[in-house]
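Data block below; observations after.
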């Protein structure tokens, strides 16, 4: 029993705190990789766009995770909390930046849809092998 | 693996959350929290940063939106009306 | 793969009015509500989450709803296609113009403290200036999203 | 004996620019051949006196200099008419006048296309050559060297047929590769020495260079300038480039371009490395090996050629290496001999090429085996050919004998019996490949097709005779006209005895 | 144990992403993509970024969803992979 | 107006141009072009006066919205960015004059949106150049990128596919960049480049920073078409319309390269760059491979625009080599090459555009010596630009290579030296191929049906001297000639440029 406790203290606690601290980064890394994989390997242009949006989401989430503080509240001024202690509020800067980044991402997606429509109009397909064949 | 050198999630002692950085200069995030309401009489700090402190970014964002619209217009419209 | 008849039907279907009365009625009822929510989000951006961009997307959503259900022809009356690009340029001009006014008033670009509106103290001047430029953001985002939709259907 | 004084004078610049200025005029009057050729002649007649006017100053130890603009921080586009440059410029610009007349006769006689482009390129080439001669530092040298490479290209491909294009490609490949290697060499020199100005006695002389570095650097330089000088593994462009019209072969591929390469070698040996460094690092042996092998192989190959111009081309390859071998001896006599051979070979070889061109225009013959009996049809031309052949074989009254004599003395001075042997053997080989032609021309009976032909047009024959006469005159009295001999010995002196740093006022020490 | 909720959301997010990529019917994939987008927004709420979450929700469900569907209807609904 | 406002004026001239064109174009289509010209001319004026101001009185740090740098966004007008702005606006001005007729010819019903996108592209590029804030750079990068994707998408039939590839890769690049900025931001707590420069030395050997920088370089490398990430570029440039290519090719990649400069030499601690981190060297070696690879692929191309696009891959490699040298000479070489290459590439794409305008195609295999008769000036401009691309003195192209070569020698980096020299030969191989065809290849026996019909086909077969002159119109020809002559001027004036413009930008520590 004591052995188990020692084991718990010596290994599990650090492990759990490690997971608690870094799981978000690791998930996002995975998401980023999934996105890259989709963009490189998927043959349908629509799927490529999905991969692109995964990459963008992963990047955006990365910033948001970085802005998180334990035991802090949202970024709206709350009278009782006052303004003196910045640790009471989340960091608003990454939030702002990501707002912009999301907009950029949306517009990029919109443009890519426009391109897809233009491509389909010319080649009647969105699958890359067929597309390359018809481009010759 | 590089993520291991980043501060863990929710770490209050991360450089981003300090009031001064290692070189002794003020850090933007803490300044915004402390002064946003004072500077623009607006409780939502994100709005203040978005539209005042970093309004140039937001103008850029608006221009991106405009550019996106213009780009779709350029690509898809057959003829300008 | 040549365009099948099904695809052609889709395109036609998206441009014309929907046949289903339920969708018709729901959309007609929902669109103004979304519009109001959009306006609320835009105006309430100072105090809660929201602001120009989100408001603009909601406004655009209401117009898009109309376009999807009522067809492109009728919804032109609400938001004409040829105005969209102009509107989005005007929105961006409102934003950039505010900045330019600040330059002419002797400040740096976008420095709202220098705007020539004498009867506000600086903090409130900034407050209202923020609202004003958010108006530009809203216009641009709304108009652009509608414009992109129109362009996609134009094809 | 007085110190060298430099003074600012725009004459070197003008000498470079005058033919360049003729280019737009030539293009502007492309529809009126007479006016166009007048511009060419005018440029030639202005250029030569300009160069000549610098000569007295050079003998007085005054060197004209003109700094145009800074072309890279600390390095200027600078012209300096020192005696070495003047020597080369005199040869090139002097022979240009004759070539001008000859060209006019040739292109009209052969009914060449694109005459405007031909004359324009020619003028640019001359500018570049004079620029090479007068450049005061390595970068200026490089610039004009590359301009020369490019400007010659249109002349090589003049015929625009498949063979011409192939030769043009080959020529460009060699020339550009050389230029590239030269860039590396010059950059390295600049890095090592911190300067690029040519200095009699070597700009690297006082640097205490590591022998291996010096060898690598020298090999780079050799590859760079050696291509134009036709040193043996790099020579194959030269025979190929003989598809160009004959005046081009004559002036450019016997004088201007190839001599620029040789001039470059001399600059490198005498003004970049200096005799001392050449000795201590053993560089002269490398140079001598290459040059010696080239002389023998080129002469042997020339023996086998049936095409007249190809034979002349290989003979050129061999004779260029004569000059280089003389320089490689690093003895005053050898150096003087090399320099003299630079000018002497120019006059004799140009005579030979002129003859080949005249034969082609007049009789449309290019093969040696077809030349039976033409001595009777074209006596003046073939007489001049004989003079040139005698000169290059080293037979006394002709000027090339003088330089060969000095070269041999140089070999003796350096105690290099092998080199002496090379000179003698190759002299015999020269005779072996030239005299059969003379023999065919005068002592064999020609075919009936020669009956209706006479001598070539006077525009061609007169220049031929003038060059031939010049060869003889210079052989009898090397110091006649332009004091080539004094100039050469002055240069030698300035390189080998840099302490006195002066140009001799006539006469060896 | 607040972070366990986030952990779950993240897991669903990744699963939704993988499913969206795997579906051959693009319309179904788009719906899955909306789930993904909703998960992202929820995670953002959980991390306290309400402004961003709002935007992501509006955009993911509204603009991008509409565009996605329009684009698919205008082109082809099937995908090779 | 106050000279201290210059940095912002450079950008907003374009910005207002972009916003006004759709409004004014509503009234008269011609107004769009005129507005674009005026905006560019204004911006050029502001850039030049900015450059003069910077050289005489030092850098300007412009605080947008009046907030101090860590809080607000900072624009930096120092010699480097001012130089870049002059380059961008100057080249664009020439390109706009050129594209007046081209756009009318190629996309006649889309001129308004074309010029709007042009202005947006330039606003984005100038914003990228001037900004001192890492995130702001991302925003402007996206503006420029979006406009770029759209401009590429119209042209050849294959253009949308090329644009789509450009878009996906460009977006990935931007995402990489943003992720890298996140790493830097999280480690240092600041987005301002000056702040980051101060803090980075204090973070000893932080792997997060290294990863962040690597990601940034990766992202920018994608935008810049650095060697393994160049896949989008050739197609995008080759299939876009001539006017768009002429606009994008000279400056698009240069600005990305400039960002690399900023990040490498102005944001990162010098010791970091030299010893701990081999990013600069890696960039240099990638560039070196790109030089060879791009040149070799360019030799294989049969279409002039495609060949030029591949040669751009190679030329970007030179700039990367200059960065990799991380020495003053490398710096000079890279910046000078950015300038030279912008002029050369613009000129060459002008030529390919004029060919398409007049002949209808720019296929190398179909070229023949009728070109030197029909379009003598255009051909001459091509030859001059080609000579400069090959890098023969006294044209501009030689000198950038010269400085790079000197830099390589100084550092005893023989690989770089070898690459530089070999690439000269490769360049010569593909450019002389074109020149040879342009001037020497005889016309085909049977006149191609696409050529303009001649009155007497028999005569055309037998006699090539009677081809009528059919030169491009003056508004296309003049910019081409101006640029080709400017190559000579730039070559001869390079010492002046180096001492007066480039030397002041080299950071002290280099």
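Residue numbers (this note's numbering), protein chains in the order written: chain A, 125 to 260; chain B, 48 to 128; chain C, 275 to 429; chain D, 8 to 516; chain E, 1393 to 1473; chain F, 89 to 598.
Think of the CB as a built atom: it goes at the ideal place given N, C-alpha and C, for glycine as much as any other residue.
Chain order gives the chain C residues near residue 99 of chain B as 386, 400 and 404, where near means a beta carbon separation below 7 Å. Using beta-carbon distances, residue 1402 of chain E counts as an interface residue toward chain A, with a partner under 8 Å. Among the residues facing chain B, residue 369 of chain C is included, as its CB has a counterpart in that chain under 8 Å away.
For residue 242 of chain A, no chain E residue has a Cβ inside 7 Å of its Cβ, as the nearest lies near 10 Å away. Cβ-Cβ distances below 8 Å link residue 160 of chain A to 175 and 179 in the same chain, with the five nearest sequence neighbours on each side left out; the list follows chain order.
For residue 203 of chain D, the CB contacts under 8 Å within the same chain, skipping 5 residues up- and downstream, are 82, 144, 145, 146, 193, 196, 197 and 210 in chain order. Annotation: the continuous beta strand (DSSP E) that includes residue 148 of chain F extends over 148 to 151. In the three-state scheme derived from DSSP, where H, G and I count as helix and E and B as strand, residue 311 of chain C is classed as helix.
Inter-segment contact for the region 493 to 502 of chain F and the region 406 to 422 of chain F is present: three or more beta-carbon pairs are separated by less than 8 Å.
Rounded to whole angstroms, the separation of the alpha carbons of residue 587 of chain F and residue 124 of chain B is 50 Å. Put simply, the backbone Cα of residue 401 of chain D is about 17 Å away from that of residue 340 of chain D.
Contacts between residue 238 of chain A and chain C, judged by CB atoms closer than 9 Å, involve 422, 425, 426 and 429 in chain order. For residue 110 of chain F, the C-beta contacts it makes with chain C under 8 Å involve 359, 360 and 363, in order along the chain.
When C-alpha distances from residue 467 of chain D are compared across D:110, D:313, D:483 and D:495, the shortest belongs to D:110. It is roughly 38 Å from the alpha-carbon of residue 403 of chain D to the alpha-carbon of residue 45 of chain D. Listed along chain B are 97, 101, 104, 105, 107, 108 and 111, each with a C-beta nearer than 9 Å to that of residue 224 of chain A. Closest option to residue 182 of chain A, judged by alpha-carbon separation, among E:1396, E:1402 and E:1397: E:1402. Using a Cβ-Cβ cut-off of 9 Å, residue 93 of chain B is close to 1441, 1442, 1443 and 1444 of chain E, given in chain order.
In terms of Cβ geometry, residue 358 of chain C and residue 293 of chain C do not form a close pair [threshold 8 Å]. Along the region 35 to 77 of chain D, the alpha helix (DSSP H) occurs as fully enclosed runs of 4 or more residues at 40 to 60 and 62 to 66, listed in sequence order. Proximity of the region 474 to 492 of chain F to the region 425 to 437 of chain F meets the contact definition, three or more beta-carbon pairs being nearer than 8 Å. Residue 411 of chain C places its beta carbon 8 Å or farther from that of residue 324 of chain C. Residue 219 of chain D and residue 337 of chain D have their C-alpha atoms spaced approximately 20 Å apart. With a 10 Å radius around the Cβ and a threshold of 16 neighbouring Cβ atoms, residue 266 of chain D comes out buried. Interface criterion not met: the Cβ of residue 137 of chain A is under 8 Å from no Cβ in chain B.
If you compare the alpha carbons of F:167, F:168 and F:90 with that of residue 381 of chain C, the shortest gap goes to F:90. With a cutoff of 8 Å on beta-carbon distance, residue 164 of chain F and residue 152 of chain F are scored as not near each other.
Taking the Cα positions, residue 354 of chain C is about 20 Å away from residue 108 of chain F. Distance between residue 271 of chain F and residue 150 of chain A, taken at the CA atoms: about 14 Å. An exposed status is given to residue 461 of chain D, since fewer than 16 other beta-carbon atoms sit within 10 Å of its beta-carbon.
Contact check for residue 93 of chain B and residue 216 of chain A: beta-carbon distance about 5 Å, within the 8 Å limit, so the pair qualifies. Residue 1454 of chain E belongs to the set of residues whose beta carbon lies under 8 Å from a beta carbon in chain C. In the three-state DSSP reduction, residue 87 of chain D falls in the strand class (E or B). By the CB criterion at 8 Å, residue 469 of chain F and residue 572 of chain F fall inside the cutoff. Legend: CB atoms of the region 298 to 315 of chain C lying less than 7 Å from CB atoms of chain B are not found in any residue.
Residue contact check for residue 346 of chain C against chain B: no CB pair falls below 8 Å.
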